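The numbers in the numbering used here rise by one with no breaks, and the one at position 344 of the sequence shown is 471.
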Amino acid sequence: MNNRLREHILFVREKSEFYRNLYQDVNQTTFSLSDLPILNQESFWGSNGFDNNTVLTSTQPNGVVFKSGGTTGTPKSSYFTQEEWEVFTSDFAFGMDQLNLKEGDRCANLFYSGDLYASFLFINKSVEKLKSKVVQYPITGQTSLEETRKIIENFKINTLFGVPTSLLNLANQFKEKNSQIEHIYYGGEPLFEDQKEKLLEKFPCAHISSIGYASVDGGQLGYVNSTCLAGEHIVFENTIMEIVDIETNKVISETNKVGKLVYTNLSRRLMPIIRYPVGDMATWVEVGTKFKLLGRSDEGARVGPVTISRDDILSALKRSSLGEYVQNIQLVIKRDNGRDYLHVYLGVESKVSLNISESLRNFKEHFALERPMYQKEKNADNIGELEASIVLVDDLQKNPRTGKLRLVIDERFS
Numbered sequence: 128m129n130n131r132l133r134e135h136i137l138f139v140r141e142k143s144e145f146y147r148n149l150y151q152d153v154n155q156t157t158f159s160l161s162d163l164p165i166l167n168q169e170s171f172w173g174s175n176g177f178d179n180n181t182v183l184t185s186t187q188p189n190g191v192v193f194k195s196g197g198t199t200g201t202p203k204s205s206y207f208t209q210e211e212w213e214v215f216t217s218d219f220a221f222g223m224d225q226l227n228l229k230e231g232d233r234c235a236n237l238f239y240s241g242d243l244y245a246s247f248l249f250i251n252k253s254v255e256k257l258k259s260k261v262v263q264y265p266i267t268g269q270t271s272l273e274e275t276r277k278i279i280e281n282f283k284i285n286t287l288f289g290v291p292t293s294l295l296n297l298a299n300q301f302k303e304k305n306s307q308i309e310h311i312y313y314g315g316e317p318l319f320e321d322q323k324e325k326l327l328e329k330f331p332c333a334h335i336s337s338i339g340y341a342s343v344d345g346g347q348l349g350y351v352n353s354t355c356l357a358g359e360h361i362v363f364e365n366t367i368m369e370i371v372d373i374e375t376n377k378v379i380s381e382t383n384k385v386g387k388l389v390y391t392n393l394s395r396r397l398m399p400i401i402r403y404p405v406g407d408m409a410t411w412v413e414v415g416t417k418f419k420l421l422g423r424s425d426e427g428a429r430v431g432p433v434t435i436s437r438d439d440i441l442s443a444l445k446r447s448s449l450g451e452y453v454q455n456i457q458l459v460i461k462r463d464n465g466r467d468y469l470h471v472y473l474g475v476e477s478k479v480s481l482n483i484s485e486s487l488r489n490f491k492e493h494f495a496l497e498r499p500m501y502q503k504e505k506n507a508d509n510i511g512e513l514e515a516s517i518v519l520v521d522d523l524q525k526n527p528r529t530g531k532l533r534l535v536i537d538e539r540f541s
């Protein structure tokens, strides 16, 4: 263990009641990072409220507070001193400097702002620190799609920053191909290959890439450079990323073995983040430095004993008559008469040319071939019938604060 990490952990143990209790059985002189327990998120955030906070190492002297909650769960507060906020955005700017941005690019910031949400301000401040000086257009994700399109056309904007869901909805506003868009950088949720293809249909000249990997919970998680393939990110210098076995929590020190990401941020001392489970699955491309994201560690709809992933639905769609029409999907887990069942919502731009009943019948047939276990469990009366609806893509439920699509919604407990 290097001196910086050791000093950081000893400081946190002394100043934070939460971590002091968490590490009470850890030997102070001979410990290694893997000896420290992985944080339990429920316990961590339960101790990190505004009143009676036991996580923070002191009262907050300055800086900024953001709210986090992702697509599920109770919103959580994330505290940064001014110095920590500067480090966070400076590190992310370093990562963005590895992208294909060039001097004079006209960049539309389409991330969301307000209600203590971080992404718009975070990207704005990071871009201000780029070595390549670009022009920012602070549109935000809350601006109407029609007005956003007009701004892009009027100011000849060539670069888009935003959440995939917003970028795809924006693409629908362009009736013809727009060749002035040269760069699309996305964040906040993954961009799948079928979605990338839809963006390229409207923006055929665009280079599409992750803008970088970060969370307001933890901080700067990874950046992209010219060596990275799709989904790959490089660990920042001020952080430590581990991949651990999902069952045993044993540290994985080899490539091509899937586990969950566990993150330590060495620059956050007010609200320490040490061995924090990020919530994503990954595998090492280069152990300790470059990893490939493989989806949410809690992703997928669990219906009775059956797990249905996004890929299961997309594979069925690709083989069905609906494949060319569906732009996004939403999986809603419901419960009726004591049985779980799945309702799949298929988002389209328009229903005009579709035979709804025939299209849904065809999709269900292909889903049964793709995921026969669902029908098997249904026949055993363990789960209910699969339901499916075709809706306008704009009507799929999103987080009202962030604009992110909610891929999986569990209504069983509401």
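All C-beta atoms in this analysis are idealised placements derived from N, C-alpha and C, irrespective of residue type, glycine included.
Note that the structure is predicted; figures quoted are calculated from it, not measured.
Report the CB separation of residue i from residue j in whole angstroms; it is logged as a contact under 8 Å.
{"i": "Glu414", "j": "Ser380", "result": "Per the sequence presented here, residue 414 reads as Val, with Glu not at that position. Right, the Cβ-Cβ distance comes to about 6 Å (below 8 Å), so this counts as a contact."}
{"i": "Val385", "j": "Thr410", "result": "5 Å"}
{"i": "Asn296", "j": "Leu326", "result": "In fact, because the Cβ distance is near 11 Å, the residues do not count as touching under 8 Å."}
{"i": "Met223", "j": "Ile338", "result": "7 Å"}
{"i": "Gly431", "j": "Asn455", "result": "About 25 Å; that fails the 8 Å criterion."}
{"i": "Ile367", "j": "Gln457", "result": "About 35 Å separates the two Cβ atoms, so there is no contact after all."}
{"i": "Val389", "j": "Ser342", "result": "At roughly 13 Å, the Cβ-Cβ gap does not stay under 8 Å, so Val389 and Ser342 are not in contact."}
{"i": "Gln269", "j": "Tyr239", "result": "7 Å"}
{"i": "Trp212", "j": "Gly241", "result": "Contact flag wrong, Cβ pair sits at about 18 Å."}
{"i": "Phe249", "j": "Thr216", "result": "7 Å"}
{"i": "Val346", "j": "Asn281", "result": "It is worth fixing the name first, because residue 346 is Gly in this sequence and not Val. The Cβ separation is near 36 Å, so there is no contact."}
{"i": "Gln300", "j": "Lys283", "result": "Their Cβ separation, rounded to whole angstroms, is 16 Å, which puts Gln300 and Lys283 out of contact at 8 Å."}
{"i": "Leu420", "j": "Gly358", "result": "5 Å"}
{"i": "Phe145", "j": "Thr181", "result": "4 Å"}
{"i": "His360", "j": "Tyr350", "result": "6 Å"}
{"i": "Lys304", "j": "Lys329", "result": "6 Å"}
{"i": "Arg140", "j": "Arg131", "result": "Contact doesn't hold; Cβ gap of about 15 Å is too wide."}
Give the range of the alpha helix (DSSP H) segment to which residue i is assigned.
{"i": "Ala495", "result": "Ile483 to Glu497"}
{"i": "Ser170", "result": "Gln168 to Gly173"}
If you run the structure through DSSP and keep just helix, strand and coil, what is residue i?
{"i": "Ser293", "result": "helix"}
{"i": "Gln155", "result": "coil"}
{"i": "Arg140", "result": "helix"}
{"i": "Phe504", "result": "In the sequence under discussion, the amino acid at residue 504 is Glu, which differs from the Phe named in the question. In the structure shown, Glu504 sits in a helix (DSSP, three-state: H, G or I)."}
{"i": "Ala341", "result": "strand"}
{"i": "Arg321", "result": "The identity of residue 321 in the sequence shown is Asp, whereas the question assumes Arg. Three-state result, Asp321: helix."}
{"i": "Gly222", "result": "helix"}
{"i": "Leu257", "result": "coil"}
{"i": "Ser161", "result": "helix"}
{"i": "Phe145", "result": "helix"}
{"i": "Thr382", "result": "strand"}
{"i": "Phe249", "result": "helix"}
{"i": "Ala550", "result": "Nothing can be reported for residue 550: it is not among the residues displayed for the chain, which extend from 128 to 541."}
{"i": "Thr529", "result": "coil"}
{"i": "Ile266", "result": "coil"}
{"i": "Lys194", "result": "strand"}
{"i": "Phe215", "result": "helix"}
{"i": "Thr199", "result": "Model confidence at Thr199 stands at a pLDDT of 36, short of 50, so the residue's coordinates are unreliable; what they give is reported in the following sentence. Here Thr199 sits in coil by DSSP."}
{"i": "Arg402", "result": "strand"}
{"i": "Leu473", "result": "strand"}
{"i": "Arg539", "result": "coil"}
{"i": "Leu132", "result": "helix"}
{"i": "Leu397", "result": "coil"}
{"i": "Leu534", "result": "coil"}
Between which two residues does the beta strand (DSSP E) holding residue i run?
{"i": "Tyr390", "result": "Gly386 to Asn392"}
{"i": "Ser205", "result": "Lys203 to Phe207"}
{"i": "Gly349", "result": "Gly346 to Gly349"}
{"i": "Arg233", "result": "Arg233 to Asn236"}
{"i": "Glu273", "result": "No beta strand (DSSP E) holds Glu273; the alpha helix (DSSP H) holding it covers Leu272 to Asn281."}
{"i": "Tyr239", "result": "No beta strand (DSSP E) contains Tyr239, which DSSP labels as neither H nor E."}
{"i": "Val371", "result": "Thr366 to Val371"}
{"i": "Glu359", "result": "Glu359 to Ile361"}
{"i": "Tyr150", "result": "No beta strand (DSSP E) holds Tyr150; DSSP gives it neither H nor E."}
{"i": "Ile284", "result": "From DSSP, Ile284 is part of no beta strand (DSSP E); its letter is neither H nor E."}
{"i": "Ile311", "result": "His310 to Tyr313"}
Are there three or more Cβ pairs, one per stretch, closer than 8 Å when the region 251 to 258 is compared with the region 489 to 498?
no
For the region 261 to 275 and the region 310 to 328, state whether three or more C-beta atom pairs, one from each stretch, are separated by less than 8 Å.
no
So does the region 181 to 196 actually touch the region 149 to 169, counting three or more Cβ pairs closer than 8 Å?
no
Below 8 Å, how does it come out for the region 478 to 491 and the region 457 to 469: are there three or more Cβ pairs, yes or no?
no
Do the region 444 to 451 and the region 500 to 510 make contact, defined as three or more Cβ pairs closer than 8 Å?
no
The region 222 to 241 in contact with the region 332 to 349 per 3-pair CB rule at 8 Å:
yes
Can you check the region 405 to 469 for any beta strand (DSSP E) of at least 3 residues that lies completely inside it and give the ranges in chain order?
417 to 423, 428 to 430, 433 to 435 and 453 to 463
Flag this pair as touching only if the region 205 to 216 and the region 284 to 294 have three or more C-beta atom pairs under 8 Å; answer yes or no.
no
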